[in-house]
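>
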Amino acid sequence: MSEHSANPSTTAATGRPLAVKAVIPAAGLATRFLPATKAVPKELLPVVDRPVLQYIVEEATQAGITDVLLITGRGKTAMVDHFDRRPDLEERLAKKPELLAAVKRTEELADIYTCRQPEQLGLGHAVGYAEAHVGDAPFAVLLGDEFVKPSEPLLPAMLELQARTGGVVLAFFEVDAAETSRYGIASVEPAEPEFGDIAEVVKVTGMVEKPDPEDAPSNLAVLGRYVLPGRIFDAIRRTKPGSGGEIQLTDAMELLRTEGVPVHAIVYRGTRYDTGQPLGYLQTVVQIAAERDDLGAEFRKWLAEFVNSDASGGANT
Numbered sequence: 001m002s003e004h005s006a007n008p009s010t011t012a013a014t015g016r017p018l019a020v021k022a023v024i025p026a027a028g029l030a031t032r033f034l035p036a037t038k039a040v041p042k043e044l045l046p047v048v049d050r051p052v053l054q055y056i057v058e059e060a061t062q063a064g065i066t067d068v069l070l071i072t073g074r075g076k077t078a079m080v081d082h083f084d085r086r087p088d089l090e091e092r093l094a095k096k097p098e099l100l101a102a103v104k105r106t107e108e109l110a111d112i113y114t115c116r117q118p119e120q121l122g123l124g125h126a127v128g129y130a131e132a133h134v135g136d137a138p139f140a141v142l143l144g145d146e147f148v149k150p151s152e153p154l155l156p157a158m159l160e161l162q163a164r165t166g167g168v169v170l171a172f173f174e175v176d177a178a179e180t181s182r183y184g185i186a187s188v189e190p191a192e193p194e195f196g197d198i199a200e201v202v203k204v205t206g207m208v209e210k211p212d213p214e215d216a217p218s219n220l221a222v223l224g225r226y227v228l229p230g231r232i233f234d235a236i237r238r239t240k241p242g243s244g245g246e247i248q249l250t251d252a253m254e255l256l257r258t259e260g261v262p263v264h265a266i267v268y269r270g271t272r273y274d275t276g277q278p279l280g281y282l283q284t285v286v287q288i289a290a291e292r293d294d295l296g297a298e299f300r301k302w303l304a305e306f307v308n309s310d311a312s313g314g315a316n317t
């Protein structure tokens, strides 16, 4: 757990409560990973010995959030099963305490709730399904295909910033100018001086989806972490279909911004893992495996041999 409690504590500066619930939209079809994701949700693809989704839930709990709502879709009940009890498995592992502890940890991480999104009509549409669970309180949104290094947390600072502003808080990371057409890109200006004690904070003056490099207002791309006020749900209802004919969360946030709701962002300089496409997923697996205390040394040795091998089949295994 981080210094932020899972209880609805308040900041001294404003008295506003910190967000204590997280929403993980995870109803997509993951077509980039077919046929693997025909039966296995992309969020459960393993990164060494833990699925992607577990890393994301752990990121939330590290920030003190233990109430997690999964927005699921058809054929994705296995995501809920991962966090459910398995008494039969626990009994079989009674004499293997390390494995037993790892299995029980998934049951104890957080209170997991679910809501079904019957059809995928955009991120904003998915987030809108969380209203009954969240109410009018602020909440975090964590996209289901990226996470950050636990030793370089992002979410605690975002929660604090949102409690102090009462508005929308995003996270950005820098991309090469040639890559702006892959991301939502923001235009920004310096943030108010009073937020300088939190992190690298900027004030958002506009957002555009996937601009060409020559049209991009900056090289700051939206990372899949948001802390939103409860009023976002009304904005989603008033948002018309945008890019791809879908209800875009970006458009709903932009609507709030034009109506005077403050929008800020933290520029994240830590390690971000992107598992949303096969190359990024493979890079994540390799990077985390190479850093593991129990696997890293032997894996790095094999990897170096494989990369340096002149044989067409790679290094011997």
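Position 291 of the sequence shown, counting from 1, maps to 291 under UniProt numbering, and the rest follow consecutively.
Cβ atoms here follow ideal geometry from the backbone N, Cα and C, with glycine treated the same way.
The model shown is predicted, which means the values in this text are computed figures rather than measured ones.
1) State the DSSP-derived secondary structure class of Tyr183, mapped to helix, strand or coil.
2) Counting only the same chain and skipping the five closest in sequence on each side, list residues whose C-beta sits under 6 Å from that of Gly230.
3) Between the alpha carbons of Ala94 and Leu142, how many angstroms are there, rounded?
4) Inspect the CB distances between the stretch 106–115 and the stretch 231–241 and report whether three or more fall short of 8 Å.
5) Excluding the five sequence neighbours on either side, which residues of its own chain have a C-beta within less than 8 Å of the C-beta of Pro150, listed in chain order?
6) Which runs of the beta strand (DSSP E), 3 residues or longer, sit entirely within the stretch 4–65?
7) By alpha-carbon positions, which one of Glu43, Leu159, Ala39 ends up nearest to Ile266?
8) Is the beta carbon of Leu155 closer than 9 Å to that of Val227?
9) Going by other Cβ atoms of all chains shown within 10 Å of its Cβ, with 16 needed for buried, is Thr31 buried or exposed?
10) How far does the beta strand (DSSP E) with Arg272 in it extend, from its first residue to its last?
11) Assess, as a yes-or-no matter, whether the stretch 257–264 is touched by the stretch 163–175 under the definition of 3 or more beta carbon pairs within less than 8 Å.
12) Give me, in chain order, the residues of the same chain whose beta-carbon lies closer than 6 Å to that of Glu200; leave out the 5 immediate sequence neighbours on both sides.
13) Are there 16 or more other CB atoms within 10 angstroms of the CB of Glu3, so buried, or fewer, so exposed?
14) Can you name the start and end residues of the beta strand (DSSP E) that Ala171 belongs to?
15) Within the same chain, show all residues whose beta-carbon is closer than 6 Å to that of Thr37, passing over the 5 residues directly before and after it, in chain order.
16) Does DSSP classify Ile198 as helix, strand or coil?
17) Beta-carbon within less than 8 Å of Val103's beta-carbon, same chain only, minus the 5 sequence neighbours each way: which residues are those?
18) Ends of the alpha helix (DSSP H) at Leu279?
19) Whole angstroms are fine: how far does the CA of Asp176 sit from the CA of Gly257?
20) Counting only runs of 3+ residues fully inside the stretch 185–268, write out the beta strand (DSSP E) ranges in chain order.
21) Tell me where the alpha helix (DSSP H) around Arg116 begins and ends.
22) Taking its Cβ as the centre, do 16 or more other Cβ atoms sit within 10 Å of Ser218, making it buried, or is it exposed?
23) Is DSSP giving Arg300 helix, strand or coil here?
24) Enumerate in chain order the residues of its own chain whose CB-to-CB distance from Thr250 is below 7 Å, with the five nearest sequence positions on each side excluded.
25) What are the start and end residues of the beta strand (DSSP E) that includes Gly67?
26) Where DSSP assigns a beta bridge to Val141, which residues make up the other side?
27) With Gly124 and Ala252 assumed to form a contact (beta carbons below 8 Å), what rounded beta-carbon distance in angstroms separates them?
28) Is it true that the CB of Ala22 sits closer than 9 Å to the CB of Phe139?
A quick look at the data gives this:
1) Within the sequence shown, residue 183 is the residue found at index 183, counting from 1. Annotated three-state conformation of Tyr183 is coil, per DSSP.
2) Taking the sequence shown and counting its residues from 1, the one referred to as residue 230 is at position 230. Result list for Gly230: Asp136, Ala137, in chain order.
3) To locate residue 94, count along the sequence shown from 1; it is residue 94. To locate residue 142, count along the sequence shown from 1; it is residue 142. Spanning the two alpha carbons is a distance of roughly 34 Å.
4) The stretch 106–115 vs the stretch 231–241: no contact.
5) Counting from 1 along the sequence shown, the entry for residue 150 is found at position 150. Same-chain partners within the cutoff: Glu58, Glu59, Gln62.
6) Runs of the beta strand (DSSP E) inside the stretch 4–65: 21–25.
7) The count along the sequence shown starts at 1 and reaches residue 266 at position 266. Of the candidates Glu43, Leu159, Ala39, the one whose C-alpha sits nearest the C-alpha of Ile266 is Leu159.
8) Stepping through the sequence shown from its first residue, residue 227 is reached at position 227. Stepping through the sequence shown from its first residue, residue 155 is reached at position 155. Yes, the pair counts as a contact, with Cβ atoms nearer than the cut-off.
9) If you number the sequence shown from 1, residue 31 lands on position 31. Classification of Thr31: exposed, given that the 10 Å Cβ count is below 16.
10) In the sequence shown, counting from the first residue as 1, residue 272 sits at position 272. Residues 272–274.
11) With a cut-off of 8 Å, the stretch 257–264 and the stretch 163–175 count as touching, because enough Cβ pairs lie within range.
12) Taking the sequence shown and counting its residues from 1, the one referred to as residue 200 is at position 200. So the list reads Val267, once near-sequence residues are dropped.
13) Taking the first residue of the sequence shown as 1, we reach residue 3 at position 3. At Glu3 the pLDDT is 35, less than 50, meaning the model places this residue with poor confidence and gives no usable figure here.
14) Counting from 1 along the sequence shown, the entry for residue 171 is found at position 171. Residue range 168–174 is occupied by the beta strand (DSSP E) that includes Ala171.
15) Counting from one through the sequence shown, the residue named residue 37 turns up at place 37. Same-chain partners within the cutoff: Ala30.
16) Here residue 198 is taken as the residue at index 198 of the sequence shown, counted from 1. Coil.
17) Within the sequence shown, numbered from 1, the residue matching residue 103 stands at position 103. Excluding sequence neighbours, Val103 sits near Arg86, Leu89, Glu90, Leu93.
18) Translated into positions along the sequence shown, residue 279 becomes position 279. Counting along the chain, the unbroken alpha helix (DSSP H) around Leu279 starts and ends at 278–291.
19) Counting from one through the sequence shown, the residue named residue 257 turns up at place 257. Counting from one through the sequence shown, the residue named residue 176 turns up at place 176. Reading off the sequence shown, one finds Arg at residue 257, where the question assumed Gly. Approximately 26 Å between the Cα atoms of the pair.
20) With a minimum length of 3 residues, the continuous beta strand (DSSP E) runs that stay inside the stretch 185–268 are 201–209, 220–228, 263–267.
21) Position 116 of the sequence shown, counted from the first residue, corresponds to residue 116. Element bounds for Arg116: not the alpha helix (DSSP H) but the beta strand (DSSP E), 111–116.
22) Here residue 218 refers to the residue found at position 218 of the sequence shown. The residue is buried, with at least 16 neighbouring Cβ atoms inside 10 Å.
23) Against the sequence shown, residue 300 aligns to sequence position 300. Note: Arg300 maps to helix in three-state DSSP.
24) As a position in the sequence shown, residue 250 is number 250, starting the count at 1. Residues Gly184, Met207, Glu209 of the same chain have their beta carbon placed closer than 7 Å to that of Thr250, with the five preceding and five following residues left out of the count.
25) Within the sequence shown, the letter at position 67 stands for residue 67. The question names Gly, yet the displayed sequence has Asp at residue 67. 67–72 is the span of the beta strand (DSSP E), which, as asked, contains Asp67.
26) By one-based count along the sequence shown, residue 141 stands at place 141. In DSSP, Val141 forms a bridge with Val23, Tyr226.
27) For the purposes of this step, residue 124 is taken as residue 124 along the sequence shown, with counting starting at 1. For the purposes of this step, residue 252 is taken as residue 252 along the sequence shown, with counting starting at 1. For a cut-off of 8 Å, the C-beta gap from Gly124 to Ala252 is around 5 Å, short enough to register as a contact.
28) Residue 139 sits at position 139 when you count from the first residue of the sequence shown. Residue 22 sits at position 22 when you count from the first residue of the sequence shown. Cβ distance < 9 Å, so Phe139 and Ala22 count as in contact.
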